[in-house]
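For the record, the sequence lines run as chains L and W. Numbered per this note's numbering, the first sequence spans residues 1 to 791. Numbered per this note's numbering, the second sequence spans residues 792 to 947. Each residue gets a CB set at the ideal place from its N, CA and C atoms; glycine is no exception. These notes are about the structure you will find just below.
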Amino acid sequence: MEEFKFIGKSVKRLDEKEKVTGAAKYVDDIDFGPNLLYAEIIESPHSHALIKSIDTSKAEKMEGVVKVVTGKDFPYKFGLYMKDRYIFAQDRVRFVGEQVAAVIARDPRTAQKAAKLVKVEYEPLQPVFDPIEALKEDAVIIHPDLGNYPHVPWFFPKGGTNITHRLKLRKGNADKGFKDADFILKDTYRVPRYAHCCLETHIAVGLLDYSGRLTIWASTQSPYTQRNLFADALAPLGFSHKDIRVIAPYVGGGFGGKAGVTMEIVAAALATTVKGHPVKVMWRRDQEFYNTYMRQQVVTNIKVGVKKDGTITAFEMANYWDAGPYAEYGANVVNASGLSATGPYRIPNVTIDSYCIYTNLPAAGPYRGFGYSEMSFSVESHMTRIANAIGMDQAEFRRKNGIKEGDSVAYGAPMNPNGLLEAIDKVADEIEWGKKEESKDPNKAIGKGLSIFWKAPAMPPNVTTSAFIKFNEDGSLNILVSGMELGQGYLTVMAQVAAEILTVPIEKIRVELPDTDRNPYHWQTVASHVTWASGNAVKRASLEMRDKMFEVVHAAYHYDKDSLYLEDEKVKCKLHSSFELPLRDFVINGIETKDGTYRGGAIVGSGSFMPEYTSAKQNPETSQGGHPNVHYTVGAGAVKIEVDKQTGKIRVLKAVEAVDAGKAINPRNVEHQIIGGLLQGLATVLYEDMRFDENGKILNPNFTDYKIPTFLDIPDEIVPIIVEVPQPDGPFGARGIAEHTMIPAAPIIANAVEDAIGIRVKTMPVTAEKIAMAVADNKKEVDDFLMIMKK
Amino acid sequence: MKKISFILNGEKRSTYVEPNNLLVDVLREKLGMHSIKYACGRGDCGACTVLLNGKGVRSCIILAIEADGQEILTVEGLSKDKLTSLQESFIDHGSFQCGFCAPGMIMSATELLEKNPNPTEEEVKEGLSGNLCRCTGYTPIIKAVLDVEKRDVDKK
Ligand code: FES
Ligand code: FES
């Protein structure tokens with residue numbers, strides 16, 4: 001095995017010192033000067049209504065108000081994969097909280113007061129909140145113009161309906177597969193909406209300076225994608241990309257909620273109305289819940305056939321996703337997870353239909369796991385039930401059907417090298433799978449649950465990334481990239497990649513946060529793809545620098561370039577063992593030759609990366625024929641819980657998760673992703689429970705009523721496990737793992753509850769209340785689902 | 792406008808405030824203490840925690856005038872000379888991810904260790920349970936706090 005000096009080492013995080021000293025700047029910590037203006041949004045109180053009139057006259061007259069802006073000022077649509085969203089509502093509103101107008105004032109209080117004076121007259125329309133209802137013939141149509149919306153070629157919206165995208169996948173012959181089966185299980189599962197709950201709410205500040213340049217400071221995962229969408233949406237105002245600058249300082253959590261563009265476009269648009277003044281738009285906690293993205297709700301019908309020996313013969317699934325009224329990003333969640341909805345199983349006959357459906361709940365979209373977290377609950381609950389039904393051990397069932405390198409996935413492409421079986425074995429060992437345990441308390445029962453998972457980055461086929469690296473006079477480095485440090489440890493990992501090649505220690509490397517004027521292109525920090533993609537770009541830039549240094553040394557000393565190598569920040573030569581030239585001696589000022597002239601010059605490197613084997617050209621009727629995903633990251637999770645037989649209260653005694661990182665560039669960061677992601681997943685199944693009133697208004701948009709875990713809610717023990725089966729095209733074999741860690745959490749709990757007390761809960765969350773009710777009613781299966789509260 | 796004065800991170804400071812100004816806003820906007828984070832505005836998350844006379848308070852739900860004549864400590868105050876061993880421990884453990892919860896967490900943990908220099912794991916969980924973190928799963932934070940005590944003993 002190759003010996004690495006920096007790769008595979010748990011070096012300290014590059015950003016930690018700034019973060020523990022309070023020096024780290026987030027958008028709201030930047031001083032925008034005395035000219036700063038504040039925006040307050042006028043929001044729709046209706047989930048579906050026509051806007052009859054807007055009267056802004058009173059608000060405009062108020063002292064301290066600079067401007068009142070409505071949809072008339074910005075009749076523009078925007079969206080990442082489909083343009084179905086407006087900067088401000090035009091003729092109709094489609095969810096409670098939608099932005100209808102904005103007041104810009106000199107201070108926040110004035111803006112708030114003035115916003116109350118804006119009078120909007122609405123004509124309420126019938127809303128629809130349930131994705132199944134929204135599919136009915138006579139359902140109210142939320143976007144009458146859907147047929148005309150621009151979208152990426154792999155979406156298939158159906159004008160005149162609420163279906164914004166339908167993914168159809170057909171592999172083999174499912175009918176025949178079910179005929180071959182000895183046992184078939186069919187059921188329905190339901191997963192509600194969830195919220196990201198980043199600790200930092202969304203914030204964006206826009207400034208159109210007097211020269212006509214537009215700068216946006218945003219808490220974002222997507223500086224370049226935002227610049228592109230701003231340029232696109234505001235095209236009528238005549239911006240070129242070079243005239244727009246997006247600056248992304250530290251972000252207080254993203255998890256997919258700060259991907260693409262949501263409220264930032266409001267800041268960009270408002271700035272264009274008040275030249276010379278920065279305008280701040282900052283969501284309050286309740287706005288953060290209803291006007292960014294939520295995670296989509298999904299209803300899943302699933303049918304799986306197996307032989308007596310456990311071989312899966314057929315898989316059929318229909319998913320009905322509730323995307324809310326704007327699906328510009330959510331439809332891609334539906335697409336990506338639909339392609340991979342079988343989970344990591346080898347199945348010859350597959351039928352999948354995934355529908356992305358408009359409703360009048362708030363807009364929904366990406367959240368850590370990108371549809372896989374949602375799918376995993378139904379698939380992994382179902383697989384467990386099937387294994388149990390045919391009397392096969394669940395771990396064995398998964399080992400038998402688990403996908404291996406070279407097996408064809410549901411859309412026909414071959415599976416990449418992976419450590420799925422190793423992950424199953426490791427978590428099974430750690431949780432002592434198969435060992436039945438009794439609680440000391442006769443009122444409690446202990447149960448174990450298991451689940452496997454996979455996830456591929458969901459990206460367009462031509463996603464690209466790039467890096468610049470420059471030396472400083474002392475041989476230290478600045479790396480310029482435009483991936484985002486969301487907390488996952490990106491900056492540190494990029495430094496480790498460069499350090500390994502250039503032999504410069506981590507302490508002498510800075511990695512700069514994105515600024516589109518300065519740092520080179522990176523699509524956006526989503527899909528857990530930055531370690532792999534940006535890592536490759538940094539690696540290429542580092543290699544370019546190394547080659548340039550060898551060339552300079554060759555020019556000055558005539559040593560054969562192939563005999564040169566780097567070690568401990570020096571250029572050395574295999575043929576002249578006494579030769580060693582410290583990098584700091586020449587990487588800026590060159591090397592002096594005998595005649596007093598110099599060779600070299602400031603050494604800089606650049607590198608870019610794009611996968612050249614992906615394509616979205618699959619057959620729309622079958623999804624066969626393309627190569628939509630670069631690779632999958634796999635893993636397994638397991639849990640041991642104690643359930644109170646009467647109250648249903650669950651205590652997590654131990655949670656284990658193994659993930660195949662390919663190569664863990666920073667093992668501790670990987671472990672920390674597992675610990676954090678697993679808890680975020682456990683929260684969706686154990687604690688978080690979103691409710692709407694019968695008008696589609698969220699009832700619990702705060703941390704008192706929407707309970708995210710505290711220190712007191714963590715498992716008694718968590719064991720993170722790293723598996724390493726290298727990714728052939730990954731930097732040093734690495735692939736992404738961050739989103740994945742959340743995926744197995746929900747089904748392991750549902751499976752463990754059944755193991756403990758024989759009750760199968762088929763709807764998330766799996767609350768004590770549901771279990772207690774089932775115990776009281778002597779029910780073995782729970783399909784109660786409550787998200788909309790009736791009066 | 793009323794003039795208030797207090798000791799902020801060991802320095803005498805005064806400023807003018809409206810009676811309804813929140814402490815978080817005054818400290819952040821008038822006195823430049825940007826380490827303090829605002830994340831919920833209703834006392835739920837602890838991101839805005841500062842120490843008022845050594846006791847952790849949620850600066851988003853108390854008025855600035857209540858701090859008149861008192862002593863306030865923020866992360867800026869801890870970081871002036873060399874870092875505290877708690878801060879060092881957080882760095883060594885790579886405890887934080889996005890870092891938005893860090894300043895509030897550090898103030899709560901500082902208070903905890905002040906009162907109880909040798910806490911058990913349960914006491915750490917209990918003591919910090921008012922501070923939310925969405926990224927870390929809390930475990931790396933607990934480890935760092937428990938380790939502070941150890942490293943101080945090691946140094947002696
Ligand atoms: S911002 Fe003060 S407790 Fe959350
Ligand atoms: S590190 Fe992100 S909230 Fe704690």
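Item: On the CB-based measure, 16 or more other CB atoms within 10 Å of its CB, does L/Asn796 come out buried or exposed?; Value: Outside the displayed range of chain L (1 to 791) lies residue 796 of chain L, so it cannot be described from this structure.
Item: Please tell me whether, using a cut-off of 6 Å, the distance from the CB of L/Tyr26 to the nearest non-hydrogen atom of ligand 1 is below it.; Value: no
Item: Under 7 Å between beta-carbons, which chain W residues line up against L/Ala24? List them in chain order, please.; Value: Gly890
Item: Name the chain L residues whose beta carbon is nearer than 7 Å to that of W/Ile897?; Value: Val20
Item: Between the segment 238-253 of chain L and the segment 713-729 of chain L, do three or more beta carbon pairs fall short of 8 Å?; Value: no
Item: Establish whether the CB of W/Thr927 and some CB of chain L are separated by less than 7 Å.; Value: yes
Item: Closest Cβ-Cβ distance between W/Leu813 and chain L: below 7 Å?; Value: no
Item: Grouping DSSP H, G and I as helix and E and B as strand, with all else coil, what is L/Thr161?; Value: coil
Item: Could you pull out every unbroken beta strand (DSSP E) segment of at least 3 residues lying fully inside the segment 479-562 of chain L, listed in chain order?; Value: 509-512
Item: Is the closest heavy atom of ligand 1 to the C-beta of W/Tyr829 under 6 Å?; Value: yes
Item: Let me confirm a value: W/Lys947 is counted as buried when at least 16 other C-beta atoms fall within 10 Å, else exposed. Which label applies?; Value: Interpretation of W/Lys947 is limited by its pLDDT of 47, a score under 50 that renders its predicted location unreliable; no figure is taken from the coordinates.
Item: Tell me whether L/Ala364 counts as near ligand 1, meaning its Cβ is closer than 6 Å to at least one heavy atom of that ligand.; Value: no
Item: Quick check on L/Tyr706: does DSSP put it in helix, strand or coil?; Value: coil
Item: Let's test the definition: count the other Cβ atoms within 10 Å of the Cβ of L/Gln99 and tell me whether it reaches 16, buried, or not, exposed.; Value: buried
Item: Mind checking L/Gln646: buried by the 16 CB within 10 Å criterion, or exposed?; Value: exposed
Item: Return helix, strand or coil for L/Asp801, following the three-state DSSP convention.; Value: With chain L running from 1 to 791 in the structure shown, residue 801 of chain L is simply not present.
Item: Please say whether W/Cys889 and W/Cys831 have beta carbons closer to each other than 7 Å?; Value: no
Item: So which residues of chain W does L/Cys356 contact, with C-beta pairs closer than 8 Å?; Value: In chain order: nothing, as chain W lies at least about 27 Å away.
Item: Three or more beta-carbon pairs under 8 Å between the segment 239-253 of chain L and the segment 479-488 of chain L, yes or no?; Value: yes
Item: If you reduce the DSSP assignment to three classes, tell me which class L/Thr469 lands in.; Value: It is Ile, not Thr, that sits at residue 469 of chain L in the sequence shown. If DSSP states are grouped into helix, strand and coil, L/Ile469 belongs with the strands.
Item: In chain order, which alpha helix (DSSP H) runs of at least 4 residues are fully inside the segment 841-925 of chain W?; Value: 866-869, 876-884, 893-906 and 912-919
Item: Spell out whether any CB of chain W is found under 7 Å from the CB atom of L/Ile244.; Value: no
Item: The beta strand (DSSP E) with L/Glu657 in it runs from where to where?; Value: Ile650 to Asp660
Item: Mind reading off the beta-carbon distance from L/Asn360 to L/His48? Whole number of angstroms is fine, and I expect it under 8 Å.; Value: 5 Å
Item: Answer yes or no: does any C-beta atom of chain C fall closer than 7 Å to that of L/Phe703?; Value: Chain labels in this structure do not include chain C; the protein chains are L and W.
Item: When you compare the CB of W/Lys916 with every CB in chain L, is at least one pair closer than 7 Å?; Value: yes
Item: Taking 6 Å as the cut-off, is the beta-carbon of L/Leu486 closer than that to any non-hydrogen atom of ligand 2?; Value: no
Item: L/Lys12 lies in the beta strand (DSSP E); which residues open and close that run?; Value: Counting along the chain, L/Lys12 falls outside any beta strand (DSSP E), and DSSP gives it neither H nor E.
Item: Along the chain, where does the beta strand (DSSP E) containing L/Met317 start, and where does it finish?; Value: Ile312 to Gly324
Item: Just to confirm the assignment, what range does the alpha helix (DSSP H) spanning L/Leu270 have?; Value: Glu264 to Ala271
Item: Using the Cα positions of L/Pro812 and L/Pro362, report the straight-line distance between them to the nearest angstrom.; Value: This structure cannot speak to residue 812 of chain L, because chain L is shown only from 1 to 791.
Item: Within the same chain, show all residues whose beta-carbon is closer than 6 Å to that of L/Ala231, passing over the 5 residues directly before and after it, in chain order.; Value: Phe239, His241 and Ile244
Item: Per DSSP, L/Tyr345 forms a beta bridge with which residues?; Value: L/Gly402
Item: Once DSSP output is grouped into helix, strand and coil, what is the label at L/Phe74?; Value: coil
Item: I'd like to know whether the C-beta of W/Ala838 is nearer than 7 Å to at least one C-beta of chain L.; Value: yes
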